[in-house]
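Data block below; observations after.
There are 2 protein chains.
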Amino acid sequence: MDNYSENRAVIDRYSLRGKVFNKLREGILDGGYPEKYELREAAISKEFGVSRTPVREALRQLELEGLVSVIPNKGAYVNGITSKDIYDIYMIRSYLESLCAKWACENITSGQIEDLEEIIYLSEFHIKKKHMDQIFELDNRFHLAMYKACGSKILEHILSDYHRYVERIRKNTLSLQERAGMAVMEHKAILNAIKDKDEEKAGQLANEHILKAIDNIKSQGIGNLMQKHEDNGQGA
Amino acid sequence: MDNYSENRAVIDRYSLRGKVFNKLREGILDGGYPEKYELREAAISKEFGVSRTPVREALRQLELEGLVSVIPNKGAYVNGITSKDIYDIYMIRSYLESLCAKWACENITSGQIEDLEEIIYLSEFHIKKKHMDQIFELDNRFHLAMYKACGSKILEHILSDYHRYVERIRKNTLSLQERAGMAVMEHKAILNAIKDKDEEKAGQLANEHILKAIDNIKSQGIGNLMQKHEDNGQGA
DNA sequence: AATTGTACTAGTGTATACAATGTATGCAAA
DNA sequence: TTTGCATACATTGTATACACTAGTACAATT
């Protein structure tokens, strides 16, 4: 009920507002819209074949998420996400995922443990088979299940947000067979520490898990991953 | 320009949407609306003397902030903030303010240092005079200036949000002369560590600063502070 | 030539009308 | 009495019309 991860994902796919919101969000995070691009309500309405009302609501939400800046009576402008932003998010996550793992030691339910074990089990299977899409999906599920297991709707909320923010980067990182395998082993270790109710260890491992992800991104060259954010000709 | 603290505060006070948003937000955080209270668009429109359009936009934003849950085609319901939420936020802040102080060591500008020093100077004055309103305002300014000084728009964004979330609690806490005085001394120590570029110390002190605030809230009795969130008769 | 003022335009802000959906009520049939 | 259904009503979702603002081009004035 207070499931933010589900809530946000579902920010109704079914309403027009939801569709516009998700499309715009995706476009911004994927770099489809260049930095500072002016999002005109009428143009977007036309593009999506809807009226301005749902577009406005979507823009207002994106504003609150920090993905666009709205200047009253003037317009809405894309706030792209820079490589520094991504680095910052990972650093923040390294702290918060650690806290999340610690809290999970106290609050996780046996059902949640089973879910996580199943996710890990499936992950190992798909890694052997090199099913990249499933690997990514399972990584998502592992983290979101973890966020839920910490028992804090506030922490779950913010971690879910950040998780979605860096989705594209994670997709790239996990496409490396080697990293994907390591990640699952790390997940396993974190879960074991949680099962042992070893807060220190769980926190430590979760922290390291994210730091390793940062290392991985760096070695892949984050600039490379960000290239789509360069002006791609859609500018005014 | 990328000043989130200002941006959010200003979420145009001038547009009707902004007014509605701020009023509703305040109402929810102050406990003016009971948990699960159904926010009907028409009723709110009438209450504020505006049309449904700005009300809807405000509700959509509150949804994204997690303060209301919108069930498609059904309604918007208040998600009050519980004492556990507040505790969680303080715990999260204890980590993030620490990170913020560390980052500030590298990124703070001399102008920002001067601003912070002035804030501390003024705080000491108003504490002597027991000007509670000014003390609260200066505490706000200190933290927001700090968030800006860390040089991360992402971290600034989230810390500013949390800061506003617990505004009412902070107001109560700071109304204790003793705590207010301690807080300023702690601020001073944090700033000094930052001026010395001592990341470890700055981080440590910022962390302790928040933990002390938690202790203080606990000793005041957080339940007491939360009383306004009990059903106060506005329910359906 | 520089400056000021004014009409014009493009765009957002708000209100309202209409459509779709959900919910409750009442009635009929089992 | 209870269950099922149909109808009416309440509420949200979307579209559109109108109001307001800010920027801009251009002309009049100095």
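Residue numbers (my numbering), protein chains in the order written: chain A, 26 to 261; chain G, 26 to 261.
Every residue, glycine too, gets a C-beta built ideally from N, C-alpha and C.
- Judged by beta-carbon spacing, residue 117(G) lies beyond the 8 angstroms limit of residue 172(G), meaning their Cβ atoms are not closer than that value.
- Contiguous alpha helix (DSSP H) elements confined to the stretch 201-247 of chain A occur at 202-220 and 224-245, taking only those with 4 or more residues.
- With the criterion set as a beta carbon lying under 8 angstroms from some beta carbon of chain G, the members of the stretch 172-186 of chain A are 177, 178, 179, 180, 182 and 183, in sequence order.
- Contact check for residue 204(G) against residue 232(G) fails: the beta carbons are separated by 8 angstroms or more.
- Against residue 169(A), chain G offers no close residue; the least beta-carbon distance is about 16 angstroms (beta-carbon pairs closer than 8 angstroms).
- When C-beta distances to chain A are compared with 9 angstroms, every residue of the stretch 138-169 of chain G stays at or above that value.
- Nearest to residue 95(G) by alpha-carbon distance, out of 76(G), 108(G) and 65(G), is 65(G).
- Within 7 angstroms of the CB of residue 97(G), the CB atoms of chain A belong to 37, 39 and 40, in sequence order along the chain.
- When DSSP assignments are scanned along the stretch 83-111 of chain A, the uninterrupted stretches of beta strand (DSSP E) that are 3 or more residues long and fall wholly within it turn out to be 93-96 and 100-103.
- Burial is judged here by how many other beta carbons sit within 10 angstroms of a residue's own beta carbon; residue 150(G) has fewer than 16 and is exposed.
- Residue 86(G) has a beta carbon lying within less than 8 angstroms of a beta carbon in chain A.
- Scanning chain A for C-beta atoms nearer than 7 angstroms to the C-beta of residue 74(G) yields nothing, as the closest lies near 20 angstroms away.
- Residues of chain G whose Cβ lies closer than 8 angstroms to the Cβ of residue 54(A) do not exist, since the nearest Cβ in that chain is about 14 angstroms away.
- Secondary structure at residue 63(G): strand, using DSSP grouped into helix, strand and coil.
- Excluding residues up to 5 positions away in sequence, 87, 90 and 92 lie with their Cβ nearer than 8 angstroms to the Cβ of residue 50(G) in the same chain.
- Leaving aside the five residues that flank residue 70(G) on each side, the residues in its chain whose CB is nearer than 7 angstroms to its CB run, in chain order, 76, 77 and 80.
- In the assembly as shown, residue 127(G) is a buried residue. Its beta-carbon has 16 or more other beta-carbons within 10 Å.
- Shown here, residue 130(A) sits in a helix according to DSSP, grouped into three states.
- With a cut-off of 8 angstroms on Cβ pairs, the stretch 150-163 of chain A is in contact with the stretch 201-221 of chain A, counting three or more such pairs.
- By the criterion of at least three beta-carbon pairs nearer than 8 angstroms, the stretch 129-149 of chain G is not in contact with the stretch 179-198 of chain G.
- Residue 242(A) is outside the set of residues whose beta carbon lies under 8 angstroms from a beta carbon in chain G.
- Of the other Cβ atoms in all chains shown, 16 or more fall within 10 Å of the Cβ of residue 105(A); this residue is therefore buried.
- Look at residue 195(A) here: in three-state DSSP terms it is helix.
- Per DSSP, reduced to three states, the secondary structure at residue 55(G) is coil, with no helix or strand assignment.
- A residue is called buried once 16 or more other Cβ atoms fall within 10 Å of its Cβ, and residue 120(G) is buried on that count.
- Residue 175(G) is not a Cβ neighbour of residue 217(G), given a cutoff of 8 angstroms.
- Neighbourhood of residue 113(A) in chain G, by CB distance below 7 angstroms: 177, 179 and 180, in chain order.
- With respect to chain G, the C-beta atom of residue 62(A) has no partner C-beta closer than 8 angstroms.
- Ranked by how close their Cα comes to the Cα of residue 234(G), the residues 125(G), 157(G) and 220(G) have 125(G) in first place.
- Looking at 44(G), 98(G) and 111(G), the one whose alpha-carbon comes closest to that of residue 54(G) is 111(G).
- Comparing alpha carbon positions, the residue from 201(G), 99(G) and 211(G) closest to residue 167(G) is 211(G).
- Residues of the stretch 198-221 of chain A that bring their beta carbon within less than 7 angstroms of a beta carbon in chain G are absent altogether.
- For the stretch 223-235 of chain A, there are no residues whose beta carbon sits under 9 angstroms from a beta carbon of chain G.
- Among the residues facing chain G, residue 120(A) is included, as its CB has a counterpart in that chain under 8 angstroms away.
- In terms of beta-carbon proximity, residue 81(G) lines the interface with chain A, with at least one pair separated by less than 8 angstroms.
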